[in-house]
Amino acid sequence: MINRHPESDLMVEYATGSLPLAHTIAVTTHLQFCEECRNTTESLKDIGGDLLQSGESIEVSDGLLDRIFDCIESGKDEISAPLKKLCSDKVANDLPGYVSNLLPEGNLDWRKLTSSLRVAPVSVGEQDYELSLHRINPGGKAPKHYHRGREITVVLKGSFSDEDGVYQPGDFIVREPGDTHRPFATRNEECICLSVLEAPIRLTGLKSVLNPFLSFSPS
Ligand SMILES: [Zn+2]
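Residues are numbered in my numbering as their position in the sequence shown, beginning at 1, plus a constant of 18.
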């Protein structure tokens, strides 16, 4: 059961097309799981009508933006079957079709951050935000960290918990700058999440800064 949904201001921005691409992807991913928010989006679009405006132009890979917006327009939020899945990483089979169609061709570039946490970047041509998949082993703990920027997480598979609760597939979790938490996956299944980060997170208790942006350099 989904307990965490995007806030209403985010939904309004989504329905009017004014969210950055990475955030649009995060909300659309939540809509794969959440009928309630799909209905909200439709209502907002009806109300918004001619207030709809397009976002700023950004460079994305061929056809990707079309696919995303086709998907939003369709109301079903699932990219239609004829599109061939390019990503051969086996994790793609475990994810909603919408997400696996965003993944790059071939295998994902998984980077081991700790013994139980791996991260793979998903490039969609965004400069200001980092979109990535996070994977926590069954029962694994992510390092305790605080956020210097806003982070949006959508659970795709499995579940994880932290000091504030338990999060299931579809849950849309927003962490604000300054929040500190320590997520850990449930014991019986690995947990896979989609994340949008505005700024690198810092691990508490470690000297290094964990930079989840494309370099992933723990310098
Ligand atoms: Zn929802």
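Note that the Cβ used here is the ideal one computed from N, Cα and C, for glycine as well.
I'd like to confirm the pairing. Which residues does DSSP put opposite L135 in its beta bridges? Translated into positions along the sequence shown, residue 135 becomes position 117. The partner list for L135 (beta bridge, DSSP) reads T132, I154.
Less than 8 angstroms between the beta carbons of E105 and G188, yes or no? Reading the sequence shown from its first residue, position 87 is the one you call residue 105. Reading the sequence shown from its first residue, position 170 is the one you call residue 188. Here the sequence assigns Cys to residue 105, which means Glu is not the residue at that position. The beta carbons of C105 and G188 sit no closer together than 8 angstroms.
CB of C52 to nearest heavy atom of ligand 1: below 7 angstroms? Walking along the sequence shown from the start, residue 52 turns up at place 34. Yes, Cβ of C52 sits closer than 7 angstroms to a heavy atom of ligand 1.
Which same chain residues, not among the five before or five after A99, have their C-beta less than 6 angstroms away from its C-beta? Numbered from 1 along the sequence shown, position 81 holds the residue referred to as residue 99. Residue placement at A99 is flagged as unreliable, the pLDDT there being 43, under the threshold of 50; the coordinate-derived value follows with that caveat. If we look at A99 and ignore the five residues flanking it on each side, it has no Cβ neighbours.
Assuming contact is defined by CB atoms lying nearer than 8 angstroms, are A44 and L212 in contact in what I supplied? Looking up residue 44 in the sequence shown gives position 26. Looking up residue 212 in the sequence shown gives position 194. Cβ distance < 8 angstroms, so A44 and L212 count as in contact.
Should S133 be labelled buried (16 or more other beta-carbon atoms within 10 Å of its own) or exposed? Mapped onto the sequence shown, residue 133 falls at position 115. Exposed is the call here.
Could you please give me the residues that DSSP links to I178 through a beta bridge? Against the sequence shown, residue 178 aligns to sequence position 160. For the record, residue 178 in the displayed sequence is Phe; it is not Ile. DSSP output for F178 lists Y185, A203 as bridge partner(s).
Go through its chain and collect everything with a Cβ distance to N291's Cβ below 7 angstroms, but skip five positions before and after it. There is no way to answer for residue 291, as the model of the chain reaches only from 19 to 237.
Residue of L62, P195, T47, R193 minimising C-alpha distance to L210: If you number the sequence shown from 1, residue 210 lands on position 192. Before going on, a small fix: residue 210 reads as Ile here, not Leu. Among L62, P195, T47, R193, the Cα nearest to that of I210 belongs to T47.
What's the C-alpha gap between Y185 and S179? By 1-based counting over the sequence shown, the position of residue 185 is 167. By 1-based counting over the sequence shown, the position of residue 179 is 161. If you take the alpha carbons of Y185 and S179, they lie about 6 angstroms apart.
Assuming T198 and H152 make a contact with CB atoms under 8 angstroms, what is their CB distance in whole Å? Along the sequence shown, read from residue 1 onward, the residue named residue 198 stands at position 180. Along the sequence shown, read from residue 1 onward, the residue named residue 152 stands at position 134. Going by Cβ atoms, the distance from T198 to H152 rounds to 17 angstroms, so no, they are not a contact pair.
Simplified DSSP state of S233, which is helix, strand or coil: In the sequence shown, the residue the question calls residue 233 occupies position 215. Unreliable placement is indicated for S233, whose pLDDT of 36 sits below 50; the coordinate value is still reported in the next sentence. Three-state result, S233: coil.
In three-state terms, what does DSSP make of G143? In the sequence shown, residue 143 corresponds to position 125, counting from 1. Coil at G143, not helix or strand.
Buried or exposed (CB count within 10 angstroms, at least 16 for buried), R205: Mapped onto the sequence shown, residue 205 falls at position 187. Classification for R205: exposed.
My output table needs one value for E148: the three-state DSSP class, helix, strand or coil. Looking up residue 148 in the sequence shown gives position 130. The answer is strand: DSSP assigns E148 an E or B state.
Taking 7 angstroms as the cut-off, is the CB of Q43 close to at least one heavy atom of ligand 1? As a position in the sequence shown, residue 43 is number 25, starting the count at 1. It is Ile, not Gln, that sits at residue 43 in the sequence shown. Not so, every heavy atom of ligand 1 lies at least 7 angstroms from the Cβ.
If I measure Cβ to Cβ from E194 and keep anything under 8 angstroms in the same chain, skipping five residues before and after, which residues do I get? Reading the sequence shown from its first residue, position 176 is the one you call residue 194. H165, R168.
Name the DSSP beta bridge partners of I170, please? Counting from one through the sequence shown, the residue named residue 170 turns up at place 152. Its beta-bridge partners are V192, V214.
Quick one: is the Cβ of I247 within less than 7 angstroms of any heavy atom of ligand 1? Outside the displayed range of the chain (19 to 237) lies residue 247, so it cannot be described from this structure.
Reduced DSSP secondary structure (H/G/I, E/B, other) of T34: Taking the sequence shown and counting its residues from 1, the one referred to as residue 34 is at position 16. Reduced to three states, the DSSP call for T34 is coil.
Measure the beta-carbon distance from P24 to E144 and round it to whole angstroms, keeping in mind my assumption that it falls under 8 angstroms. In the sequence shown, counting from the first residue as 1, residue 24 sits at position 6. In the sequence shown, counting from the first residue as 1, residue 144 sits at position 126. Cβ-Cβ separation between P24 and E144: approximately 18 angstroms, too far for a contact (criterion under 8 angstroms).
Beta carbon of C55: closer than 7 angstroms to some heavy atom of ligand 1? Here residue 55 refers to the residue found at position 37 when the sequence shown is read from its first residue. At least one heavy atom of ligand 1 is nearer than 7 angstroms to the Cβ of C55, so yes.
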